[in-house]
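Comments concern the structure below.
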Amino acid sequence: MSVSDLEVKPNKILPGWSMTESFVLAGGPGGQNVNKVATAVQLRFNAVAVQNLFTDRQYKQLLKIAGSKATKNGEILIEASKFRSQDRNREDARERLKELVLKALEPPPPPRKKTRPTRGSVERRLKAKAGRSQIKKNRGAVSTDE
């Protein structure tokens with residue numbers, strides 16, 4: 001089924017041809033509606049086909065974040081069956097894909113700056129070590145020389 005384009009950011013749009021939707025029977029509560037109507041949505045996003053929209057780092061991050069939703073051939077499969085209506089499940093699947101892509105587009109965190117322990121914390125640590133050492137020295141065999 002053809003899917004409309006998905007705007008992730010104002011300058012980043014996922015083309016509709018890179019996504020396909022299929023509708024399947026959903027499990028869980030819902031009575032006869034669940035048994036008769038295909039309300040669950042499976043949204044397949046072909047990330048390999050639109051790899052040029054992402055930098056190499058962003059593409060790898062997208063597949064990493066997708067985790068088990070990503071297939072070996074570079075597709076991301078999102079299943080939505082939270083709601084009882086097909087339209088709301090379709091919106092939910094598209095929103096989840098959008099969140100996934102937005103998370104992948106975030107810049108990497110800045111590298112950690114190495115810090116040194118303060119003089120006071122070093123002194124407290126050494127004092128505590130010396131105290132434990134003294135306690136352990138006092139645990140030796142007791143002599144009964146009187």
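Per UniProt numbering, the sequence shown starts with residue 1, numbered consecutively. We put the CB at the ideal spot given by N, CA and C, even for glycine.
When DSSP assignments are scanned along the UniProt region "Disordered" (102-146), the uninterrupted stretches of alpha helix (DSSP H) that are 4 or more residues long and fall wholly within it turn out to be 119-137. Contact check between the segment 61-71 and the segment 28-39: fewer than three CB pairs, one atom from each, fall below 8 Å, which does not count as touching.
Counting along the chain, residue 42 sits inside the beta strand (DSSP E) bounded by residues 40-46. Here DSSP, grouped into helix, strand and coil, assigns residue 49 to coil. Residue 111 has its alpha-carbon roughly 32 Å from the corresponding atom of residue 78.
Excluding its 5 nearest sequence neighbours in each direction, residue 50 has C-beta neighbours in its own chain below 8 Å: 14, 15, 18, listed in chain order. Assigned with DSSP and collapsed to three states, residue 18 falls in helix. Spanning the alpha carbons of residue 73 and residue 4 requires a straight line of approximately 23 Å. Taken through DSSP and simplified to helix, strand or coil, residue 37 comes out as coil.
In the DSSP annotation of this structure, the continuous segment of the beta strand (DSSP E) that includes residue 9 starts and ends at 6-9. When the Cα atoms are used, residue 38 and residue 92 turn out to be separated by approximately 15 Å. Around the beta carbon of residue 135, fewer than 16 other beta carbons lie within 10 angstroms, which makes this residue exposed. Of the residues 125, 140, 40, 35, the one whose Cα lies closest to the Cα of residue 23 is 40. Nearest to residue 36 by alpha-carbon distance, out of 27, 53, 43, 44, is 27.
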